[in-house]
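Data block below; observations after.
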Amino acid sequence: MAPESWYLALSAVLFCIGVVGVIVRRNPLVIFMSIEVMLNAANLAFVAFGHRLGTADGQAVVFFVMAVAAAEVAVGLAIIVAIFRLRRRLFGGRFEPDALVVRAAARRGAGAPPCEASI
Amino acid sequence: MGPVAFVLIAGVAVGSALGLVFKRNPIHGALFLVVNLGSVAALYLTLGAQFLAAAQVIVYAGAIMVLFVFAIMVLIPGKEETGPDPRRAYRVLALPVGAVLLALLVAVVAAGARGRAPAATAAPDGVEAIARLLFTDYLFPFELTSVLLLAAMVGVILLSRRREG
Chain A
94 MAPESWYLAL
104 SAVLFCIGVV
114 GVIVRRNPLV
124 IFMSIEVMLN
134 AANLAFVAFG
144 HRLGTADGQA
154 VVFFVMAVAA
164 AEVAVGLAII
174 VAIFRLRRRL
184 FGGRFEPDAL
194 VVRAAARRGA
204 GAPPCEASI
Chain B
239 MGPVAFVLIA
249 GVAVGSALGL
259 VFKRNPIHGA
269 LFLVVNLGSV
279 AALYLTLGAQ
289 FLAAAQVIVY
299 AGAIMVLFVF
309 AIMVLIPGKE
319 ETGPDPRRAY
329 RVLALPVGAV
339 LLALLVAVVA
349 AGARGRAPAA
359 TAAPDGVEAI
369 ARLLFTDYLF
379 PFELTSVLLL
389 AAMVGVILLS
399 RRREG
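From first to last, the protein sequence lines stand for chains A and B.
For the first sequence, the positions run 94 to 212 when the numbering used here is used.
For the second sequence, the positions run 239 to 403 when the numbering used here is used.
Structure representation (structure tokens):
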């Protein structure tokens with residue numbers, strides 16, 4: 094049985110990798126996946142602390158984190174797909190809908206989103 | 239066997255996380271993330287959290303990653319990250335910032351490890367302990383979770399609906 098501090102150190106390493114991924118990458122999907130890595134690192138720390146303290150409370154907290162993460166991923170991916178529909182591209186580095194695209198969409202008629210990709 | 243298993247699994251976890259961050263193709267990144275989540279599930283097993291290991295595989299590696307791969311396939315971001323980068327300054331800063339954060343976290347962990355010896359109580363392993371907690375002490379948050387998931391579902395439907403008119 095490895096000591097709990099090893100698990101905490103691994104959790105710190107994974108969290109930092111997630112932070113670097115969020116800063117370095119430009120694809121919003123990969124940024125999102127890096128956030129998942131960070132969430133998992135925090136979960137691992139919770140379970141390790143719970144193991145050290147001899148209670149199952151850490152595991153209960155991780156259960157809630159998983160539920161929230163599932164909701165977060167569903168909403169976040171829907172937002173990313175909506176942004177893609179509005180702009181037809183993902184990699185601008187910024188998320189503000191730039192004025193040209195919005196104006197073009199308005200000229201094309203208020204209704205149809207300017208992209209055929211839809212779920 | 240314990241420390242050896244930990245080192246092996248931890249190596250897989252760190253390697254796959256690095257693969258996620260530094261591979262250019264998002265599909266490869268998603269597959270690396272599946273490996274990472276699976277190795278974290280194995281670590282949960284070594285900590286005696288069997289329920290969480292199963293939930294991790296089902297919820298994360300199953301449901302969430304399917305959602306990710308689906309989104310990647312729909313958006314087809316094949317020719318990713320070409321052209322001028324408007325955030326070059328951030329990328330230069332990323333590694334130093336990550337290194338400093340890692341040093342801080344490891345310092346905190348080391349300080350905690352040097353502290354008092356951990357209480358040698360027997361950890362309540364297995365599904366029964368967490369089930370008892372979830373349906374007694376954490377009953378209210380547990381019920382709130384269902385409301386949260388319902389709200390997320392409604393929100394996603396609202397977001398992905400085509401605007402008519």
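Glycine included, each C-beta is placed from N, C-alpha and C at the ideal position.
Predicted model only: the values in this text are computed from it and were never measured.
{"Query": "Beta-carbon neighbours of B/Val252, restricted to chain A and to distances below 8 Å", "Result": "Leu103, Val106, Leu107 and Ile110"}
{"Query": "B/Val312 to B/Arg399 span [Cα, whole Å]", "Result": "16 Å"}
{"Query": "Opening and closing residue of the alpha helix (DSSP H) in which A/Asn136 lies", "Result": "Pro121 to Leu146"}
{"Query": "CB contact check: A/Ala135 to chain B, cutoff 9 Å", "Result": "no"}
{"Query": "Opening and closing residue of the alpha helix (DSSP H) in which B/Thr374 lies", "Result": "That residue, B/Thr374, is in no alpha helix (DSSP H); it is neither H nor E in DSSP."}
{"Query": "Per-residue contacts from B/Val297 into chain A (C-beta, under 9 Å)", "Result": "Met159, Ala160, Ala162 and Ala163"}
{"Query": "Between the CA atoms of B/Val330 and B/Ala280 - distance to the nearest angstrom", "Result": "34 Å"}
{"Query": "9 Å Cβ cutoff, B/Val335 in contact with chain A", "Result": "yes"}
{"Query": "Simplified DSSP assignment, three categories, for B/Leu285", "Result": "coil"}
{"Query": "Between the CA atoms of B/Arg352 and B/Tyr328 - distance to the nearest angstrom", "Result": "35 Å"}
{"Query": "Proximity test, Cβ basis, 9 Å: B/Gly378 and chain A", "Result": "First, the amino acid is wrong: residue 378 of chain B is Phe here, not Gly. Not closer than 9 Å to any Cβ of chain A, the Cβ of B/Phe378 fails to qualify, so no."}
{"Query": "Option in B/Leu305, B/Gln294 and B/Ser254 with minimal Cα separation from B/Tyr282", "Result": "B/Gln294"}
{"Query": "Beta-carbon proximity check, B/Val259 vs A/Val123, cutoff 9 Å", "Result": "yes"}
{"Query": "Same chain only: Cβ atoms within 6 Å of A/Ser104, ignoring 5 sequence neighbours per side", "Result": "Ala134, Leu137 and Ala138"}
{"Query": "Sub-9 Å separation of B/Val347 and A/Leu132 beta-carbons", "Result": "no"}
{"Query": "Below-9 Å beta-carbon distance, A/Arg118 vs any chain B residue", "Result": "yes"}
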